[in-house]
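S.K.: In terms of my numbering, the sequence shown has 124 at position 13, counting the first letter as 1, and numbering is strictly consecutive.
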Amino acid sequence: MSSEPPINDVTDIDIEVTHSKAWAAGVPGVLHSMQPAITQMGAVRGMRALLSLNQKDGFDCMSCAWPDPGHRKTFEFCENGAKAVTWEATPITIPTNFWAEHSLTDLREKSEYWLGMQGRLVEPVYKPAGSDHYRPVSWPEAFRMIAAKLNGLDSPDQAAFYTSGRASNEAAFAYQLFARAYGTNNLPDCSNMCHESTGWAMGMTVGIGKSTVSYDDFAKSDLIIIIGQNPGTNHPRMLTALEEAKDAGAQIVAINPLPEAGLRRYKNPQRVRGVIGHGTEIADQFLQVRLGGDMALLQAVSKRVLDAEDAAPGTVLDQAFLDEHCHGLTELRQHLSELDERMVLAATGLRAAQIDELAKRYLSADRVIITWAMGVTQQKKGIDTVKEIINLLLLRGNIGKPGAGASPIRGHSNVQGDRTMGIWEQMPPAFLNALQAEFGFNPPREHGVDAVYGVRAMRDGKLKVWVGLGGNFVAAMSDTGIAEAAMQRTEMSVQISTKLNRSHAVTGEEALILPTLGRTEIDEQAGGVQFVSVEDTVCAVHPSWGKLEPVASNLLSEVAIISRLASAVLADAVAVDWAGFEADYDRIRDHIAHVVEGFENYNERIRQEGGFMLPNGPRDSRTFNTPIGKAMLTTNTLEYLEVPPGRLVLQTLRSHDQFNTTIYGLDDRYRGIKKGRHVVFINKKDLLTLGFVDGDLVDVHSEFSDNVDRVLRGYRLVAYPTPRGCAAAYYPEANVLVPLDSVADGSNTPVSKAVIIRLERAA
Numbered sequence: 112m113s114s115e116p117p118i119n120d121v122t123d124i125d126i127e128v129t130h131s132k133a134w135a136a137g138v139p140g141v142l143h144s145m146q147p148a149i150t151q152m153g154a155v156r157g158m159r160a161l162l163s164l165n166q167k168d169g170f171d172c173m174s175c176a177w178p179d180p181g182h183r184k185t186f187e188f189c190e191n192g193a194k195a196v197t198w199e200a201t202p203i204t205i206p207t208n209f210w211a212e213h214s215l216t217d218l219r220e221k222s223e224y225w226l227g228m229q230g231r232l233v234e235p236v237y238k239p240a241g242s243d244h245y246r247p248v249s250w251p252e253a254f255r256m257i258a259a260k261l262n263g264l265d266s267p268d269q270a271a272f273y274t275s276g277r278a279s280n281e282a283a284f285a286y287q288l289f290a291r292a293y294g295t296n297n298l299p300d301c302s303n304m305c306h307e308s309t310g311w312a313m314g315m316t317v318g319i320g321k322s323t324v325s326y327d328d329f330a331k332s333d334l335i336i337i338i339g340q341n342p343g344t345n346h347p348r349m350l351t352a353l354e355e356a357k358d359a360g361a362q363i364v365a366i367n368p369l370p371e372a373g374l375r376r377y378k379n380p381q382r383v384r385g386v387i388g389h390g391t392e393i394a395d396q397f398l399q400v401r402l403g404g405d406m407a408l409l410q411a412v413s414k415r416v417l418d419a420e421d422a423a424p425g426t427v428l429d430q431a432f433l434d435e436h437c438h439g440l441t442e443l444r445q446h447l448s449e450l451d452e453r454m455v456l457a458a459t460g461l462r463a464a465q466i467d468e469l470a471k472r473y474l475s476a477d478r479v480i481i482t483w484a485m486g487v488t489q490q491k492k493g494i495d496t497v498k499e500i501i502n503l504l505l506l507r508g509n510i511g512k513p514g515a516g517a518s519p520i521r522g523h524s525n526v527q528g529d530r531t532m533g534i535w536e537q538m539p540p541a542f543l544n545a546l547q548a549e550f551g552f553n554p555p556r557e558h559g560v561d562a563v564y565g566v567r568a569m570r571d572g573k574l575k576v577w578v579g580l581g582g583n584f585v586a587a588m589s590d591t592g593i594a595e596a597a598m599q600r601t602e603m604s605v606q607i608s609t610k611l612n613r614s615h616a617v618t619g620e621e622a623l624i625l626p627t628l629g630r631t632e633i634d635e636q637a638g639g640v641q642f643v644s645v646e647d648t649v650c651a652v653h654p655s656w657g658k659l660e661p662v663a664s665n666l667l668s669e670v671a672i673i674s675r676l677a678s679a680v681l682a683d684a685v686a687v688d689w690a691g692f693e694a695d696y697d698r699i700r701d702h703i704a705h706v707v708e709g710f711e712n713y714n715e716r717i718r719q720e721g722g723f724m725l726p727n728g729p730r731d732s733r734t735f736n737t738p739i740g741k742a743m744l745t746t747n748t749l750e751y752l753e754v755p756p757g758r759l760v761l762q763t764l765r766s767h768d769q770f771n772t773t774i775y776g777l778d779d780r781y782r783g784i785k786k787g788r789h790v791v792f793i794n795k796k797d798l799l800t801l802g803f804v805d806g807d808l809v810d811v812h813s814e815f816s817d818n819v820d821r822v823l824r825g826y827r828l829v830a831y832p833t834p835r836g837c838a839a840a841y842y843p844e845a846n847v848l849v850p851l852d853s854v855a856d857g858s859n860t861p862v863s864k865a866v867i868i869r870l871e872r873a874a
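Quick look at the structure:
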């Protein structure tokens, strides 16, 4: 049984603030990786788990989607990967009496950290309507109740099937097949909240919403520009690839509001210089851009590239590439000729000389990679900002050659693979037609709800059942108050999970929790021991084999849960061998091979050492699947994010001791925060201007056009080197400040990087 964490988990009364770190990883990273694994899992289970992590015959890390190198090291994991494994593979389990001892009212008072620390879920539980407690039920009883509810709805569109990015390709394909066979395209997923802007922008400009580089391209690049991401915390193994690129002669530019440790210096614990030496300086240039200023910066650099071409015609642009493969240069040239430099400087908070230096670096490099994450996509102009990244790359032919390209860095392990498998409310007709040809039913063609529209539909009584395959939707979603109230309006909520989180405490009238095997665990079915597969951030597909004994005998795999649920709901309505899916995952992969482009001979290719790469037109052959068959240079209207006097613009971010909504601990050692999370990072000059001092307690109010008072109470101000006028607070707690209707243009992604706030002294 688990023990309850200390009370400061909730109150932060003992929070400590120290100096931020100037480097990432090193020996402390090793200690923070190994010690929890050994103490919480035991030496044998812990070492077996860590030595299997990201190995070719092991399991894929369930945290970030960073790709694996062709040559694996013995310790092919990072600190946060080790924490993710420890969190999932813990032998601590939740006992049956827990459900009688803890009401939902009680669980709602607990933090995400406390909930996650209670141990693994090992039995299905059900909360009846009108009850404040879950009670254990059998698997058949759970499936019967869900089937009765789904089959009793007036329309399949009254149900939604949410997916977290940790689901495997096999589970995701089976899940979307079930939802569409049931009759709905209501398939919201975590992509709606993170890289949706990337998918739309790249789809419109280069014809594919995925990375155009491979892992090996990083070491072949002359210049790597990192925008709006913090690899030291969110995907630490990327630091090794950046170090290898520096060793090969690359320069690196970091563009980010905060001077993160991982963007400054990396002490690789698997190298002597990382243990007893200085380590590797990462960023040759750091541009501390103001929140919302990335688009202006990119336009300013592209304008300087075009100006350099005008000054020396025929020597700067890759004119042959532009003529053969691109469209829109004339329009872009005219558009950027009118760029207001004063607006650029105001929007970015930078000096002209800093932008000149970046442009000079870009012009002197033959092979350039631009890589980005949610710091770009969760802006109101997220799509247009990604389009500007593509513009800059195309001008000098930096797509479709070694060491160059566009590299969006996905967060969750298989979030990209889930989309490839059909987890999207707007899958194109070609996919639906292939599904129809394979299974003999006509999938629904109307677009379903995404995450934002899903909350609106629950709020308005249009969605009555919510099924979640993994994840923690109510915590991950923007506008926490509205999201939770919306979920509580449903008639039934169902969560397929490994451990407790907020979404198990904030439920529909009826609720079920279905416990599932973790990716670390051996998955034995009627057809033998099974493996699953995932797609990483550079379009590589590889197998994942569980290596640990399951923590309980009653657990079902995600595929088994989906298959049994589909069989209970659909019976013989569609000709799908659900029992066969559960028995042998090869049968699912055979169907995927017929439906999903690029997965031909799936079962044969996935068994090749290291898996296989999916085809990628821009990367492989400089072919672009756009309406005119060319890459599109675009013109995008620049908007300056103006902040009213006495207000700040806030971004949400992760601490070092978490992954998405999962809180591994209460420290953020890189930023100097210990024993708590209720802080707001703010520039010390802004503290003075607003009449506060470091350490003051404040209530944080967000301001939006709907005039709803969204507030975080009792947060500590921490003087920190943020840009003037900008602030930061931890996700998911700060999601309460992000209005539901504040979304990125075109992608509907919550705008978590541009929240206008005011600070008031805590009552």
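Idealized CB from N, CA, C, for every residue including glycine.
Excluding the 5 residues preceding and the 5 following T459 in the sequence, name in chain order all residues of the same chain whose CB lies nearer than 7 Å to its CB.
M.R.: Only V400, R401, G404, A407 and L408 meet the Cβ criterion.
S.K.: Tell me whether G65 is buried or exposed, calling it buried when 16 or more other Cβ atoms sit within 10 Å of its Cβ.
M.R.: Look at the range of the chain in this structure, 112 to 874, and you will see that residue 65 is not part of it.
S.K.: Tell me the rounded alpha-carbon separation between I118 and H812.
M.R.: Interpretation of I118 is limited by its pLDDT of 35, a score under 50 that renders its predicted location unreliable; the figure taken from the coordinates is listed afterwards. C-alpha separation (whole angstroms): 26 Å.
S.K.: Between L504 and chain B, is the shortest Cβ-Cβ distance under 8 Å, so that the two count as touching?
M.R.: Here there is only one protein chain, and chain B is not present.
S.K.: Decide if the segment 806–823 is in contact with the segment 841–851; the criterion is three or more beta carbon pairs, one per stretch, under 8 Å apart.
M.R.: Touching, yes, given that three or more Cβ pairs across the two stretches are closer than 8 Å.
S.K.: Within 10 angstroms of its Cβ, does E115 collect 16 or more other Cβ (buried), or is it exposed?
M.R.: With a pLDDT of only 36 at E115, under the threshold of 50, the placement of this residue in the model should not be trusted, and no figure is reported.
S.K.: Could you spell out the range, first to last residue, of the alpha helix (DSSP H) harbouring Y473?
M.R.: Run containing Y473: A463 to S475, per the alpha helix (DSSP H) assignment.
S.K.: Note down, in chain order, each residue of its chain lying with its Cβ closer than 7 Å to the Cβ of A253, except the 5 sequence neighbours on either side.
M.R.: These residues qualify, in order along the chain: P235, Y237, L623 and L625.
S.K.: Under the rule that 16 or more other beta-carbon atoms within 10 Å means buried, what is K260, buried or exposed?
M.R.: With 16 or more other Cβ atoms within 10 Å, it is buried.
S.K.: Rounded to whole angstroms, what is the Cα-Cα separation between V560 and V566?
M.R.: About 9 Å.
S.K.: Return the residue from the list A258, H130, Q229 and A270 that minimises the CA-CA distance to K573.
M.R.: For the residues A258, H130, Q229 and A270, the minimum Cα distance to K573 belongs to A270.
S.K.: Does the structure place the segment 532–543 close enough to the segment 291–311 that three or more beta carbon pairs sit under 8 Å?
M.R.: Output reads yes: the segment 532–543 touches the segment 291–311.
S.K.: Could you check the C-alpha separation between L433 and I319 for me, to the nearest Å?
M.R.: Each residue's Cα considered, the two are about 18 Å apart.
S.K.: For the putative contact between P347 and C189, defined by C-beta atoms under 8 Å, what is the C-beta separation to the nearest angstrom?
M.R.: That pair is a contact at about 4 Å.
S.K.: Taking 8 Å as the cut-off, decide whether the C-beta atoms of I335 and L350 are in contact.
M.R.: No, these two residues do not count as a Cβ contact at 8 Å.
S.K.: Buried or exposed: where does E127 fall if 16 or more other Cβ atoms within 10 Å of its Cβ makes it buried?
M.R.: It is exposed - the Cβ of E127 has fewer than 16 other Cβ atoms within 10 Å.
S.K.: May I have the straight-line CA-CA distance separating V804 from K795, to the nearest angstrom?
M.R.: Going from the Cα of V804 to the Cα of K795 covers about 8 Å.
S.K.: Quick check on this structure: which residue in A865, N846, R478 and L798 has the alpha carbon closest to the alpha carbon of E871?
M.R.: Of the listed residues, the one whose Cα sits closest to E871 is L798.
S.K.: In angstroms with no decimal places, state the Cα-to-Cα distance between E753 and H653.
M.R.: Those two C-alpha atoms are separated by around 46 Å.
S.K.: Where do the ends of the alpha helix (DSSP H) carrying T482 lie?
M.R.: Run containing T482: none in the alpha helix (DSSP H); it sits in the beta strand (DSSP E), V479 to W483.
S.K.: Measuring straight from C-alpha to C-alpha, what distance separates R376 and R782?
M.R.: Whole-angstrom Cα-Cα distance: 14 Å.
S.K.: Mind checking R835: buried by the 16 CB within 10 Å criterion, or exposed?
M.R.: By the neighbour-count rule (16 or more Cβ atoms within 10 Å), R835 is not buried but exposed.
S.K.: Would you check if the distance between the CB atom of E307 and the CB atom of K492 is smaller than 8 Å?
M.R.: Contact: no.
S.K.: Run the CB neighbour count on H558, radius 10 Å, all protein chains shown included, and call it buried at 16 or more, exposed below.
M.R.: Under this definition H558 is an exposed residue.
S.K.: Taking H523 as part of the alpha helix (DSSP H), name the residues at either end of that continuous run.
M.R.: That residue, H523, is in no alpha helix (DSSP H); it is neither H nor E in DSSP.
S.K.: Between L580, A855 and L808, which lies nearest to N610 when the distance is taken from Cα to Cα?
M.R.: Here the sequence assigns Lys to residue 610, which means Asn is not the residue at that position. Comparing Cα positions, the closest option is L580.
S.K.: Just mark D120 as buried or exposed, buried being the case when its beta carbon has 16 or more other beta carbons within 10 Å.
M.R.: Note that D120 has pLDDT 47, beneath the 50 cutoff, so the model's placement of it is unreliable and the number below is only indicative. Per the 10 Å Cβ criterion, buried.
S.K.: Within the continuous beta strand (DSSP E) that includes P626, where are the two ends?
M.R.: It spans E621 to P626 - the beta strand (DSSP E) in which P626 sits, taken as one unbroken run.
S.K.: Could you tell me the distance, in whole angstroms, from the CA atom of M743 to the CA atom of S413?
M.R.: Using only the alpha carbons, I get a separation of about 15 Å.
S.K.: Apply the 10 Å Cβ neighbour rule to L732 and answer buried if 16 or more other Cβ atoms are within range, or exposed otherwise.
M.R.: It should be noted that the sequence gives Ser, not Leu, for residue 732. Result: exposed.
S.K.: Just checking, does the segment 636–656 make contact with the segment 517–534 on the three C-beta pairs under 8 Å criterion?
M.R.: Taking 8 Å as the limit for Cβ pairs, the verdict is that the segment 517–534 does touch the segment 636–656.
S.K.: Please report the straight-line C-alpha distance between I500 and Q465, rounded to a whole angstrom.
M.R.: Near 18 Å, if we compare the C-alpha coordinates of Q465 and I500.
S.K.: Which partner residues does W577 have in the DSSP bridge list?
M.R.: In the DSSP output, where bridge partners are listed per residue, W577 has A271 and S604.
S.K.: Considering only C-alpha positions, which residue in the set I793, S614, D768 and T800 is nearest to G787?
M.R.: Nearest option by C-alpha distance: D768.
S.K.: Three or more beta-carbon pairs under 8 Å between the segment 337–346 and the segment 471–489, yes or no?
M.R.: They touch, by the three-pair rule.
S.K.: Which runs of the beta strand (DSSP E) fall wholly inside the segment 643–670 and span at least 3 residues, in chain order?
M.R.: With a minimum length of 3 residues, the continuous beta strand (DSSP E) runs that stay inside the segment 643–670 are 643–646 and 651–655.
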